[in-house]
Structures are given as C-alpha cells and as structure tokens.
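Student:
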Amino acid sequence: MTAGGTLIDALRAAVGFEPAAERVGNLTLGGGRLDGRAVQVALVENFVASGSLGLAECERLAAVFERCVPDRTPLVMYIDSAGARVSEGLRALGGFRLAYRAGLRAALAGVPIAALLGRNCFGGASMLAHLAAQRLLGPDTRMAMSGPAVIAAASGSNPLDEAFRAMAEATFSPRSRAGTCAANGAWEPGTDVQPWLRDALQAQPDRAARFRERHEELRARLESSRDPPAWKAARRDELARIFSTYEGEECDGVIAGQGRDEGAVESFVGFVDNKPVDAARAWRFADIAWRHAADPPQRLEVFLDSASHAARLDEERRILTEYVVDAAAALAALAARGTRVNLTVTGRAGGGIYVALAAPAQRVRSVYARARIEVLPGSAVAAILGESRDDAPTFGEYRSAGVADEELKLGFVPGNA
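With the first letter of the sequence shown counted as 1, position 108 gets the number 108 in my numbering; the numbers rise by one all the way through.
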C-alpha cells in the first residue's frame, strides 16, 4: 500500500477515505474502512484562517461525534488547526462548547478515537486531539494550548527573535511531545499508518477509568520540588450571595466546598481571582472533581473567574493541554454518572478554560455586571488578528452565541467588591 507523501495522504490511503459531503470551511467529513471495519473520518485542514474552527465546522463535528456513539464507530481525526476562529467571536466559542461536549460524551461512551496532526494544533484543536487515546504527529507538527505568537505577546517577547523561536520549536516539536507523553507518536514520512491506527483504535469501553489513571500520571509531571500552597478557609463575597450558608477552602485561586440554599446542599469547585490557569491549578481542580466521582453529588456548581490558561513556554513543556482536558474529563465523568454539573461565570472567562468547564455543564450562567466571556484575552486576539476588541458583550449576545444560558443578578454594583 502506498502511504503517500504527507501524513494526511497516508491516512487517506490507509482507510480508503471517501468524502461524504462537500467541504465546509476547513472541515471535510467522510468514511473509510480499516481491516473491514467502517470508520468515520474528520479532516480539519488549513484552507481558511489557519485551519481555524468556526460555528459551521463545530456544528458538523458535534454531529459526527454523536453519530459514532450508538455503535461505538471508530473515529479518526486529522487536525491542522490554530484553534477557534477568533474573527467569529462568541459564535465560534459557543459552537466549540457544543462540539467539545459531544466529543467528551463520545470518548467517555467508549468510542475509539485517534488523532493525526498536521502543522498546527493549538488551543481548542489541541483539546480535540486529546480526546483521542493516541496522537500521531507529523514531522513539522506544533501542538500546544498557545501558539508561539500568543506566548510571545503574553511574555513581551518578539516572536521573530531567534532565541525565542528556537525555544518554542524545541518545546512544541514532535520529538519533545513524544518524549513527554507515551500517547504521542512521531510519524516517519513514507510509512504506512495502518499499524498505528489498529493500535490507536482498540476498544476502550471504560475510558473514564483511563482518564482517571491519566490524572494520577499527570501529577508526576508537576514540579515535585515546589511545595503546594496551603489550603485556607474560603471567604468569598459571591459565595455568600449565592448560598445562605457555605463552608469551603481555597488554595492558590482554586476553591472547593459545600453550600446550602433553601435547605438543599450543593458541592462546589472553581477557579477564582482571575489567575491564568496553569498545570498545577488545573490538576488541583481536576483532583477535587475526580474525588467526587467516588461518591457523585447530586449537584456540582462550578465557578469560573479566569480569562485564560497560562500562555508560557514552561507550562507548554508539560503539555498544558493534558491538564486542561483532565479537568474537562473529570466534570464530564461526573455528569455521565448523574451529577448535575452547572457553571457560573463570576468574572472573566474565555478560551480553552471556559470550554473545558462549560462543555460538561448542563447550564451556564453569567453574573450580571461582573462576568465577561470572550474567545481569548485582548492580547491574544491582537496577536492573532492584529487588533484588540475591548467592547463588553451583553447577556443577549452571550445567550445568542450559546456561551451562557442564564444571567444571575446578585446585587453587585459595577466596580465594587
């Protein structure tokens, strides 16, 4: 069998890919067969805006995830994408929330998913890739939550500086990614991908257990020499306004506890203080959610005040995406076990962190005069589009875009704590 000159050519040859419909934006859906078994195929290619995913692509991705669930039909994704289409604003974010919800459900339902990666795999695209049990990286693949331009903008570096480019390429390279995580493989040009696909698409009926095991493995990647911050009693104005009484703890911007309202007890967990979510904070959040899985609560309220993940090279060396997806998988596993997961945005929210928490949530509400939901922070938008957008959306825009379902008024006066 001829593998073809590129990784996507090798994939097409391996499964005998046939498109099922015309390409929509950057997405082509179709199918093929592997060892006589039907497989669904989703190709995200770089045709428009760096292969970014807009509302139209996300709606179709959600549909293909859903089609795979009843019979656990294997799904192969080829991804060459810089993430959400920032130019579409909140519509792209709302669409990605729905697509990622469907992807989490498919993965936890035991749908075998494999991902082959093109040149770029950033942001939401990297989160999609990590729904797969295994990933195959091409010779020039760069995979991360933040691309080099966004990291440079966040750190005040020049993305064209040779030293910065060298560090970024070393961090994102296939060799680095494969060395950090055994689920990442590097493709040798010209080789047949069928053997890799056979292994990657093996049945995984209890994927939740594997996500839980992966959570424990991720702990070792954190800096063991750094003592974790101490937990202290949480004293949060928003909690006092939402619950009649509550008890909770706080550690480095992560909160957890229980609140009572009208006699009902509700567990809660969240990110507060608008700190960027790094690997350590994401792992701590996920650890709380995974521990709830042993005895699922009836309701879990998730709070979010964090504009984005930490756009830093040291975080990307740990493969920050794995930690973000770990948090999403923990919440989705709880939802699958009957817990009503809800999200309340109390401050800033956006990007992959918003998606990770909003996708498993049955309801997302925004706090009046406090919440601001956006695709990415202004500096990241400017790095991508060359311009910053500072206008604050209205709740009507949030609801229309599908990023919030309800608005919560707590008596806050804008500008006051």
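Positions of the beta carbon are idealized from the N, C-alpha and C atoms, including for glycine.
No experiment lies behind these values; they were computed from the predicted model shown.
Return the CA-CA distance between Pro414 and Leu304, expressed in angstroms with no decimal places.
Tutor: By one-based count along the sequence shown, residue 414 stands at place 414. By one-based count along the sequence shown, residue 304 stands at place 304. Low local confidence applies: a pLDDT of 49 at Pro414 is under 50, so the model's placement there is unreliable, and no value is given.
Student: Shortest alpha-carbon distance to Ala125 belongs to which of Val111, Thr141, Pro112?
Tutor: Your numbering for residue 125 matches position 125 in the sequence shown. Minimum Cα distance to Ala125 is reached at Thr141.
Student: Out of curiosity, what's the CA-to-CA distance linking Ala282 and Gly351?
Tutor: Taking the sequence shown and counting its residues from 1, the one referred to as residue 282 is at position 282. Taking the sequence shown and counting its residues from 1, the one referred to as residue 351 is at position 351. So the alpha carbons of these two residues sit roughly 14 Å apart.
Student: Roughly how many angstroms lie between the CA atoms of Glu397 and Arg260, to the nearest whole one?
Tutor: What you label residue 397 is simply residue 397 of the sequence shown in a count that begins at 1. What you label residue 260 is simply residue 260 of the sequence shown in a count that begins at 1. In a straight line, the C-alpha of Glu397 is about 31 Å away from that of Arg260.
Student: Is Phe122 helix, strand or coil by DSSP?
Tutor: For the purposes of this step, residue 122 is identified with residue 122 of the sequence shown, where counting begins at 1. Note: Phe122 maps to strand in three-state DSSP.
Student: Any idea what DSSP makes of Ile373, helix, strand or coil?
Tutor: As a first step, residue 373 must be located in the sequence shown, where it is residue number 373. Three-state DSSP puts Ile373 in a strand.
Student: Nearest by alpha-carbon distance to Ala42: which of Leu116, Val69, Gly83, Gly110 is it?
Tutor: As a working note, residue 42 is residue 42 in the sequence shown. Closest by alpha carbon: Leu116.
Student: Once you ignore the five residues that flank Ala336 on each side, which residues in its own chain have a CB closer than 6 Å to its CB?
Tutor: Residue 336 sits at position 336 when you count from the first residue of the sequence shown. Contacts found: Leu108.
Student: What three-state label does DSSP hand Ile288 in the structure shown?
Tutor: Numbered from 1 along the sequence shown, position 288 holds the residue referred to as residue 288. Ile288 falls in the helix class under three-state DSSP.
Student: Which whole-angstrom value describes the C-beta separation of Phe172 and Ala144, a residue pair presumed to lie in contact below a C-beta threshold of 8 Å?
Tutor: On the sequence shown, position 172 is the one that residue 172 refers to. On the sequence shown, position 144 is the one that residue 144 refers to. The Cβ separation is near 5 Å, so the contact holds.
Student: Thinking just about the alpha-carbon of each residue, which of Glu249, Gly30, Ile319 is nearest to the one in Ile288?
Tutor: Counting from 1 along the sequence shown, the entry for residue 288 is found at position 288. With distances taken between Cα atoms, Ile288 lies closest to Glu249.
Student: For Arg340 and Arg299, I'd like the C-alpha separation in whole angstroms.
Tutor: Within the sequence shown, numbered from 1, the residue matching residue 340 stands at position 340. Within the sequence shown, numbered from 1, the residue matching residue 299 stands at position 299. Going by the C-alpha atoms only, they are around 5 Å apart.
Student: Which term fits Asp278, buried or exposed, when burial requires 16 or more other beta carbons within 10 angstroms of its beta carbon?
Tutor: The count along the sequence shown starts at 1 and reaches residue 278 at position 278. So Asp278 ends up on the buried side.
Student: Distance, Cα to Cα, Arg85 vs Arg12?
Tutor: As a working mapping, residue 85 is identified with position 85 in the sequence shown. As a working mapping, residue 12 is identified with position 12 in the sequence shown. Their Cα atoms are separated by approximately 26 Å.
Student: Closest to Ala10 by CA distance: which of Asp192, Glu407, Gly411, Ser267 is it?
Tutor: Reading the sequence shown from its first residue, position 10 is the one you call residue 10. The shortest Cα separation from Ala10 among Asp192, Glu407, Gly411, Ser267 belongs to Asp192.
Student: For the putative contact between Gln204 and Arg212, defined by C-beta atoms under 8 Å, what is the C-beta separation to the nearest angstrom?
Tutor: Locating residue 204 in the sequence shown gives position 204, where the first residue counts as 1. Locating residue 212 in the sequence shown gives position 212, where the first residue counts as 1. Not confirmed; about 13 Å, so no contact.
Student: Are the beta-carbon atoms belonging to Tyr100 and Val345 less than 7 Å from one another?
Tutor: The residue given as residue 100 occupies position 100 in the sequence shown. The residue given as residue 345 occupies position 345 in the sequence shown. Not in contact: Tyr100 and Val345 (Cβ atoms no closer than 7 Å).
Student: Which word fits Arg219, buried or exposed, when buried means at least 16 other C-beta atoms lie within 10 angstroms of its C-beta?
Tutor: Sequence index remark: in the sequence shown, residue 219 carries index 219 (1-based). Per the 10 Å Cβ criterion, exposed.
Student: Note the first and the last residue of the continuous beta strand (DSSP E) segment covering Gln194.
Tutor: The residue labelled residue 194 in the question sits at position 194 within the sequence shown. Run containing Gln194: none in the beta strand (DSSP E); it sits in the alpha helix (DSSP H), 194-200.
Student: If you check the beta carbons only, do Ser81 and Leu53 fall under 7 Å apart?
Tutor: In the sequence shown, counting from the first residue as 1, residue 81 sits at position 81. In the sequence shown, counting from the first residue as 1, residue 53 sits at position 53. Yes, the pair counts as a contact, with Cβ atoms nearer than the cut-off.
Student: Could you pull the DSSP bridge partners for Leu29 from this structure?
Tutor: Numbered from its first residue, the sequence shown carries residue 29 at position 29. BP columns for Leu29 point to Ala42.
Student: Does the beta-carbon distance from Leu343 to Val364 come in below 7 Å?
Tutor: Working through the sequence shown from its first residue, we reach residue 343 at position 343. Working through the sequence shown from its first residue, we reach residue 364 at position 364. Yes, Cβ-Cβ distance for Leu343 and Val364 is below 7 Å.
Student: Where does Thr28 land, buried or exposed, given buried means 16+ other C-beta within 10 angstroms?
Tutor: Taking the first residue of the sequence shown as position 1, residue 28 is located at position 28. Counting Cβ neighbours within 10 Å, Thr28 comes out buried, since at least 16 surround it.
Student: The alpha helix (DSSP H) spanning Cys181 covers which residue range?
Tutor: If you number the sequence shown from 1, residue 181 lands on position 181. Looking at the DSSP string, Cys181 is not in any alpha helix (DSSP H), and its letter there is neither H nor E.
Student: Would you tell me roughly how many angstroms separate the C-alpha atoms of Ala334 and Ala358, rounded to the nearest one?
Tutor: Locating residue 334 in the sequence shown gives position 334, counting from the first residue. Locating residue 358 in the sequence shown gives position 358, counting from the first residue. The question names Ala, yet the displayed sequence has Leu at residue 334. Roughly 14 Å between the two C-alpha positions.
Student: Between Ala20 and Gly31, how many whole angstroms is the CB-CB distance? I'm expecting something under 8 Å.
Tutor: Counting from 1 along the sequence shown, the entry for residue 20 is found at position 20. Counting from 1 along the sequence shown, the entry for residue 31 is found at position 31. Right, their Cβ atoms sit about 6 Å apart.
Student: Locate the alpha helix (DSSP H) running through Val324, then write down its first and last residues.
Tutor: Locating residue 324 in the sequence shown gives position 324, where the first residue counts as 1. Unbroken alpha helix (DSSP H) run through Val324: 320-336.
Student: Taking DSSP as the reference, what is the three-state secondary structure of Val69?
Tutor: Here residue 69 refers to the residue found at position 69 of the sequence shown. Note: Val69 maps to coil in three-state DSSP.
Student: Identify the residues that DSSP records as bridge partners of Asn342: which are they?
Tutor: By 1-based counting over the sequence shown, the position of residue 342 is 342. According to DSSP, which records beta bridges pairwise, Asn342 is partnered with Glu301, Arg363.
Student: What's the C-alpha gap between Ala371 and Arg214?
Tutor: Here residue 371 is taken as the residue at index 371 of the sequence shown, counted from 1. Here residue 214 is taken as the residue at index 214 of the sequence shown, counted from 1. In a straight line, the C-alpha of Ala371 is about 32 Å away from that of Arg214.
Student: Nearest CA to the CA of Ala182: which residue from Ala133, Arg207, Ala294, Asn274?
Tutor: For the purposes of this step, residue 182 is taken as the residue at position 182 of the sequence shown. It is Ala133.
Student: Exposed or buried, what is Leu137 when buried is set at 16 or more other beta-carbons lying within 10 Å of its beta-carbon?
Tutor: Position 137 of the sequence shown, counted from the start, is the residue given in the question as residue 137. Buried is the call here.
Student: Mapping the DSSP letters down to three states, classify Phe243 as helix, strand or coil.
Tutor: Start at 1 with the first residue of the sequence shown, and residue 243 comes out as number 243. Here Phe243 sits in coil by DSSP.
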